[in-house]
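The sequence shown: position 202 = 193 (the working numbering), numbered continuously. Just so it is clear, CB atoms sit at the ideal spot from N, CA and C, and this is done for glycine as well. Just so you know, these numbers come straight off a predicted model, no measurement behind them.
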Amino acid sequence: MQKLDYAISGRVKNVTRKRKLALSRKLHKLDDHSPINRNENWVRDLSNRVITQDEKRVLNKGLNCNVRKATNKEYLVELGQTLKSFTMLEDVKQTIRRTVETALMRKGKDNILSNGEDKAPKTLKMDKNTFILPADKGRTTVVMNKTDYIQKAEEQDTDTYRRIDTDSTAKLENKINTTLKRLEELHQITKAEHWRMRAKNSVIAQFYELPKIYWEGIALRLIVSPPGTATDKLIKELWNRLKSLIAGHELKTVPGQAKICQHPRSRNNDLV
């Protein structure tokens, strides 16, 4: 057992060392003394809220920054590999796994933030009058008043989108599935295609905006996210069928699109 304890201890130290090395590299890039953080544009405060230094340091690290140490899963993976190298009964291995899992669950989560920085995300989340979101381009984090966020969205779009009183997702899902079933019965689509496009556990489309901070007046880019909606699978299937029609004719730059619009060309059977 002493040899096993030594092997497990070595694995744990190895995981911890790798995680600390990864965190040190990440935080070196985000260090307050690094040139990257001297640029105040990484956090744009457009709200009436007074951002504290702890909150600003946390936001400066980015919305996707993970400063936690190695997860329990990483430790358990290393433990499993260690146990495989020892000859012992499976019941003994299971007992060791359960003991380690229990110890890891009792152990609190570690991080390398200060107390103020650790509390900052909670205080920011509790403020219901502000929104925190990424900029349209770059890694800048923007803090906006909720009222300004909604007002700008309503000013930019008055016809395409509107607030609905009831969620009609279930009705739309039923309509799509009924149509697909009828097409399968008419042999217009196969059973596999039917199930590929079938809507299930659909959600309403999510509408959100990303601020264009480099525009005068801070405009917003409106986005409707289709993943998980009733038409999501249907859209993907139609795209897979139609994308061959534009193969080799994609326009990847705005100047290229403008040139085609200024000087359109068509063959006898083409429609422009």
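Item	Value
Given E175, which residues of its chain have a CB within under 7 Å of its CB, disregarding the five upstream and five downstream residues?	K182, H185
Using 8 Å as the cut-off, can you tell me whether the stretch 216 to 224 makes contact with the stretch 159 to 171, which would need three or more C-beta pairs spanning the two stretches below that distance?	yes
Please identify the residue among W33, G71, T43 whose C-alpha is closest to the C-alpha of G53.	W33
Whose C-alpha, out of K203, R173, K128, Q72, is nearest the C-alpha of A144?	K203
Measure the alpha-carbon distance for G129 versus L201 and round it to whole angstroms.	11 Å
Would you call the stretch 106 to 114 and the stretch 40 to 53 touching, i.e. three or more CB-CB distances under 8 Å?	yes
Hey, could you find the ends of the alpha helix (DSSP H) V41 is sitting in?	Unbroken run through V41: none, as it is neither H nor E.
Taking N136 as part of the beta strand (DSSP E), name the residues at either end of that continuous run.	132 to 136
Checking 8 Å against the spacing of the C-beta atoms, do N5 and E69 come in under that value?	yes
Nearest by alpha-carbon distance to P125: which of Q179, D36, T149, Y152 is it?	D36
Decide if the stretch 114 to 123 is in contact with the stretch 132 to 146; the criterion is three or more beta carbon pairs, one per stretch, under 8 Å apart.	yes
What is the residue span of the alpha helix (DSSP H) that T114 lies within?	106 to 117
Assign Y205 to one of two classes, buried (16 or more other C-beta atoms within 10 Å of its C-beta) or exposed (fewer than that).	exposed
Considering only residues of the same chain and omitting the five flanking positions on each side of R40, which have a CB-CB separation below 7 Å?	D118, T121, V134
Ignore the nearest five residues each way along the sequence and tell me which others in Q197's own chain have a CB closer than 7 Å to its CB.	S216
Which residues does DSSP pair with S216 in a beta bridge?	Q197
Are there 16 or more other CB atoms within 10 angstroms of the CB of S76, so buried, or fewer, so exposed?	exposed
Rank K9, A238, S38 by C-alpha distance to the C-alpha of K137 and give the top, closest one.	S38
Buried or exposed for T93, please, with buried defined as at least 16 other CB atoms from any protein chain shown within 10 angstroms of its CB.	exposed
What is the DSSP secondary structure of K9, counted as helix, strand or coil?	helix
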